[in-house]
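There are 2 protein chains.
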Amino acid sequence: MSGEFELIEAITAELPTNDRVTLGAGDDAAALRLEGEAVVSTDVLVENVHFKRAWSSAHDVGRKSVAVNVSDIEAMGAIPVAVVVALAFPKDLDRQWVLDFAAGVKQECATANVALVGGDLSSSSIIVVNVTALGDLAGRRPVTRAGARPGDIVAVRGSLGWSAAGLVALSRGFRSPKDVVRAALCPDVPYGQGVVAAEAGATAMMDVSDGLIQDLGHLARRSGVAIDVRSDTLEVADPMQRVGAATGKDPLGFVLDGGEDYALVATFPRPADVPCGWRVVGEVREGAGVTVDGEPYEAHGWDHLA
Amino acid sequence: MSGEFELIEAITAELPTNDRVTLGAGDDAAALRLEGEAVVSTDVLVENVHFKRAWSSAHDVGRKSVAVNVSDIEAMGAIPVAVVVALAFPKDLDRQWVLDFAAGVKQECATANVALVGGDLSSSSIIVVNVTALGDLAGRRPVTRAGARPGDIVAVRGSLGWSAAGLVALSRGFRSPKDVVRAALCPDVPYGQGVVAAEAGATAMMDVSDGLIQDLGHLARRSGVAIDVRSDTLEVADPMQRVGAATGKDPLGFVLDGGEDYALVATFPRPADVPCGWRVVGEVREGAGVTVDGEPYEAHGWDHLA
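Protein chains in written order, with this note's numbering: chain A, 5 to 310; chain B, 5 to 310.
Below, the structure written as structure tokens:
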């Protein structure tokens, strides 16, 4: 392993940037010119908790670490602007792993049109990645979890259940079906749709990281409402059906409980407000808690400390 | 260990805030209203690399993790506004360690008048802390490392060498002299002085994290200048002299090479520009590199991957 400064030099070549960056990486801090309020969120990814090197390439880990964090900025209805990335890793880790990780970070930044404006490197006994993302509300108010009102429509943009089905396949030693395994290694975040939802008048929004039912539970509690999900609106795609059939699991469980797909879920006052490409999956009611087809549902979700 | 959500609830009680925060912790992201450009910096602290549990209390680690990061915001001449803090820790770690860590984070936030607006928790085999700090340039341009010009005065605000002397004492099994040991466990960042320097017309600035000579080397290279430090301007305080005498080390080495004190070093066009409380330690010249009393100096500094 070369020294910190040499590696930083290799990593910081050709950083993704955008027109809000007024001072990029390389100084004590970076500077950004925002139009409206700043939004900020942070996520940590730990080896053997959030990813396994046996399953995920360094490039996957780089992409995912950016994707899951930028997803939080989308979920506020903000324009993602920039990320800073810290990486702690063992001294004997192959230098190529770090370079591939950086390439994955840069690729996902380019896809999301966010700039990579800073970071930190350290040694560590295991790999730990931390990404903090910044967004620009550009004159709008943030779309929080607390604004859903009885009568609102619940709609989703993005995949549900694919990552969970992929994890089940991986944990049984399979690398297929390819689409769900791919989803488990790096989510396909619906970039740009957070702003679309905000402009369409979304009353509440969040990203689905812990599972649809569990996350809607957070949204319902914060909004002081009940939410009912209609199971016949949920697509259980063919690869999920195949994983379900091969493992004896109900594939609808992947869709309702599976985390890590980073879809966006939002509430809208009227059906006509729901943007193109969003799927209506339920409705907001008076009361508390989340039901499926009007019945109580026992959600499991993901608890990274459990 | 209780679950993630219960612990988050305990930690997020009575979070430090300020008038720039428009949406605090608890949603997908927090929101801040800034007057000028945003500045952002991130730092990772790893157990047994940046701190040892045998030496540092959880409260110390919490304070230090905020201090070292907010120091980077000061170094741009910005007003520190907010931090997000991610903590990864072993499942069997005493819950009290996490609560004490959070108390240290909150205390340092209060001292620096920064808000704690978000975070993340994860399990991990070792303790890893990541802090990202945000600041507000409030209409000014950032003070970078690249603006020093020949003829400028070099001045320092804050301590130099105390932390390094404290580390030497700790590594020999001593808990005294108390002042330097205290400095090694948590730096005393000169909060507010970054803005003071910017308003006084600082042409370049950075914080001293890797050692005065090494960090001035970065500043000199980025500015395309040489810097000469006058050793007779550097205070070698009594506790450092005592550690030097007890260990056979030249105490001036602590001051010139010792990292982790997080003083601010800046350059100013004229002696009259140097703000009250700042100590002139050298001057900017044409050329390249850093000299001490006109002679070459071999700096060692700190390389966290070495």
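Backbone N, C-alpha and C fix where the C-beta goes; we use that ideal spot for every residue, glycine too.
To which residues of the same chain is ALA62(A) closer than 7 Å at the C-beta, ignoring the five residues directly before and after it? TRP101, ASP104, PHE105, GLY108
Are the C-beta of ASP31(B) and some C-beta of chain A separated by less than 9 Å? At least one beta carbon of chain A lies nearer than 9 Å to the beta carbon of ASP31(B).
With a CB to CB cut of under 8 Å and the five nearest residues on each side skipped, what residues in its chain are close to ASN73(B)? SER45, THR46, ASP47, VAL87, VAL135, THR136, ALA137
Report the residue from GLU41(B), GLU287(B), GLY257(B) whose alpha carbon sits nearest the alpha carbon of GLU302(B). GLY257(B)
Quick one: give me the first and last residue of the beta strand (DSSP E) that ARG289(B) is part of. Counted as a single uninterrupted DSSP element, the beta strand (DSSP E) harbouring ARG289(B) occupies residues 283-289.
Quick one: is ASP307(A) near chain B, going by C-beta distance under 9 Å? In this prediction, ASP307(A) has a pLDDT of 47, which is less than 50 and means its spatial position is unreliable; what the coordinates show is noted afterwards. At least one chain B Cβ lies under 9 Å of ASP307(A).
So that I know if they touch, is there some Cβ in chain A lying closer than 9 Å to that of ASP156(B)? no
Should PRO300(B) be labelled buried (16 or more other beta-carbon atoms within 10 Å of its own) or exposed? With fewer than 16 other CB atoms across the displayed protein chains lying within 10 angstroms of its CB, PRO300(B) is exposed.
Within 10 angstroms of the Cβ of THR237(A), are there 16 or more other Cβ atoms? Answer buried if so, exposed if not. exposed
For a minimum of 4 consecutive residues, which ranges assigned as the alpha helix (DSSP H) are wholly contained in the segment 209-278 of chain B? 216-227, 242-251, 255-261
Hey, out of SER180(B), VAL172(B), PRO154(B), whose CA is closest to ALA292(B)'s CA? PRO154(B)
For ARG161(B), the residue or residues it bridges with in DSSP: Looking at the DSSP output, ARG161(B) bridges to LEU268(B).
Beta-carbon within less than 7 Å of ASP232(A)'s beta-carbon, same chain only, minus the 5 sequence neighbours each way: which residues are those? GLY286, GLU287, ARG289, THR295, GLY298
Output the distance between the C-alpha atoms of ASP76(A) and GLY205(A), rounded to the nearest integer angstrom. 18 Å
Would you check if the distance between the CB atom of LEU164(A) and the CB atom of LYS68(A) is smaller than 9 Å? no
If distances are taken between C-alpha atoms only, which option among LEU27(B), LYS56(B), ASP31(B), ARG283(B) comes closest to GLN197(B)? Residue ARG283(B) is the option with its Cα nearest to GLN197(B).
Using only the alpha-carbon positions, how far apart do SER129(A) and ASN52(B) sit? Going from the Cα of SER129(A) to the Cα of ASN52(B) covers about 9 Å.
For SER175(B), count neighbouring Cβ atoms within 10 angstroms of its own Cβ and tell me buried if that reaches 16, exposed if not. exposed
According to a CB-to-CB cut-off of less than 7 Å, which residues of the segment 122-134 of chain B neighbour chain A? GLY122, GLY123, ASP124, LEU125, SER126, SER127, SER128, SER129, ILE130, VAL132, ASN134
Chain B contact for GLU302(A) (CB, 9 Å cutoff): no
Using 9 Å as the limit for Cβ to Cβ distance, is GLY298(A) near chain B? no
From MET209(B), ARG37(B), TRP59(B), GLN245(B), residue whose alpha carbon lies closest to that of TRP166(B): Put simply, of MET209(B), ARG37(B), TRP59(B), GLN245(B) the residue whose alpha carbon is nearest the alpha carbon of TRP166(B) is GLN245(B).
Please state whether the Cβ-Cβ distance between LYS110(B) and LEU19(B) is less than 9 Å. yes
Using three-state DSSP, classify GLY122(A) as helix, strand or coil. strand
Does ASN117(A) get closer than 9 Å to chain B when you measure Cβ to Cβ? No, no contact with chain B.
Grouping DSSP H, G and I as helix and E and B as strand, with all else coil, what is VAL172(B)? helix
For THR148(B), go through chain A and note every residue whose CB falls closer than 7 Å to its CB, in chain order. Residues of chain A passing the Cβ test: LEU27, ASP31.
Mind checking if ARG67(A) is an interface residue toward chain B, Cβ cutoff 9 Å exclusive? ARG67(A) does not count as touching chain B.
Reduced DSSP secondary structure (H/G/I, E/B, other) of GLU41(A): coil
Under DSSP, the beta strand (DSSP E) around VAL135(B) begins and ends at which residues? 132-140
CB contact flag (ALA82(A), VAL199(A), <9 Å): yes
Less than 9 Å separating the beta-carbons of SER227(A) and ARG161(A)? no
Residue environment, PRO146(B), which counts as buried when at least 16 other CB atoms sit within 10 Å: buried
Buried or exposed for GLY281(A), going by 16 or more other Cβ atoms inside 10 Å? exposed
Below 9 Å between beta carbons: does that hold for ASP140(B) and ALA42(B)? yes
DSSP three-state call for GLY30(A): helix, strand or coil? Note: GLY30(A) maps to coil in three-state DSSP.
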